[in-house]
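Down below is the structure, laid out as structure tokens.
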Amino acid sequence: MTFTNVDDFLESIPTKHREKPARLLKIVREAYTWGVPPMIAKSMTDRLNENNEYSFHLGTTDPELRKIASWVFTNINDVKTIQSFIEKLWRRHGREDVKLAGIITANLPSCEWELWLRNLHKSEPIEAILEFIEEMKKAGQPFPDANTLASWWRKDSMHHQIVVLLCQFVPPPDLEIIKSAPRGGYVFEKIRNRILESEIDEIA
Numbered sequence: 054m055t056f057t058n059v060d061d062f063l064e065s066i067p068t069k070h071r072e073k074p075a076r077l078l079k080i081v082r083e084a085y086t087w088g089v090p091p092m093i094a095k096s097m098t099d100r101l102n103e104n105n106e107y108s109f110h111l112g113t114t115d116p117e118l119r120k121i122a123s124w125v126f127t128n129i130n131d132v133k134t135i136q137s138f139i140e141k142l143w144r145r146h147g148r149e150d151v152k153l154a155g156i157i158t159a160n161l162p163s164c165e166w167e168l169w170l171r172n173l174h175k176s177e178p179i180e181a182i183l184e185f186i187e188e189m190k191k192a193g194q195p196f197p198d199a200n201t202l203a204s205w206w207r208k209d210s211m212h213h214q215i216v217v218l219l220c221q222f223v224p225p226p227d228l229e230i231i232k233s234a235p236r237g238g239y240v241f242e243k244i245r246n247r248i249l250e251s252e253i254d255e256i257a
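Once you know that position 51 of the sequence shown is 104 in my numbering, the rest is easy, because the numbers rise by one and skip nothing.
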């Protein structure tokens, strides 16, 4: 059967196939491809596979991913099923999977920072971290308090860096935590320096 867009494809999915996380994985993997020319999808996947950041990257647009997320919430009422689906998205770790998991997590009824942290791989692109933080902010979810951040940063280097990124939104930031974080890439260091400079300006 031929569909003209992602909405038509999703509406064609039988109700009985919408309740099992493993089946949902296959459904959304196909949904990602609607509206993305095959050659573009292959090109993006080939480039990203060289970096081993994601298992695939098809080039699905943000509006299309939000349509898929909306479809998930409309058709799946069980929160545990949605959480299991989120975990499977992270495990597969396509670029679209990570983005979709972030959108869905941010819009769950409860605030799920811990769910997100549990599913992170040992190394994640900073763009994925920043996108999730932005999704939580956009959804109006509360940010972790200073005590929670203090318990997170000791876990490992990546958690330490994540806490630094979150310090932008949890005043006043702990300057020692920020200064002692492992060195990161250009974007991370730019954010770290901006936080530190902002605090120096306030003190002055």
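From the three backbone atoms N, C-alpha and C, an ideal C-beta is built for every residue, glycine too.
Taking CB distances under 7 angstroms as the criterion, tell me whether ILE121 reaches chain D. Considering every chain present, this structure includes no chain D. It has just one protein chain.
Segments assigned beta strand (DSSP E), at least 3 residues, entirely inside the region 162 to 214: none
If contacts are defined as beta-carbon pairs under 8 angstroms, then ALA192 and VAL223 qualify, I think. What distance do you get, rounded to the angstrom? Not a contact, Cβ separation roughly 17 angstroms.
Can you give me the Cβ contacts of PHE196 inside the same chain, cut-off strictly under 6 angstroms, excluding the 5 residues immediately before and after it? PHE222 and VAL223
Buried versus exposed, by CB contacts within 10 Å (16 or more), HIS110: buried
Spatial distance of HIS146 from LYS79 (CA atoms): 13 angstroms
If I'm right that LEU219 touches ILE186 with Cβ under 8 angstroms, what's the distance once you round it to whole angstroms? 7 angstroms
ASP115: first and last residue of the uninterrupted alpha helix (DSSP H) it sits in: 115 to 128
Short of 6 angstroms in beta carbon distance, which residues of its chain neighbour TRP166, apart from the five on each side in sequence? Order them along the chain. PRO197
Does DSSP put GLU72 in a helix, a strand or coil? coil
Thinking C-alpha only, which one of VAL89, GLN194, ILE231 and PRO67 is nearest ARG207? ILE231
Rounded to a whole number of angstroms, what is the C-alpha to C-alpha distance between THR68 and GLU117? 21 angstroms
Do you know offhand how far VAL81's Cα is from HIS212's? 29 angstroms
When the distance is taken between beta carbons, is ILE135 closer than 7 angstroms to ALA154? no
Using beta-carbon positions only, say whether VAL59 and LYS141 come within less than 7 angstroms of one another. no
Would you check if the distance between the CB atom of ALA159 and the CB atom of GLU188 is smaller than 7 angstroms? yes
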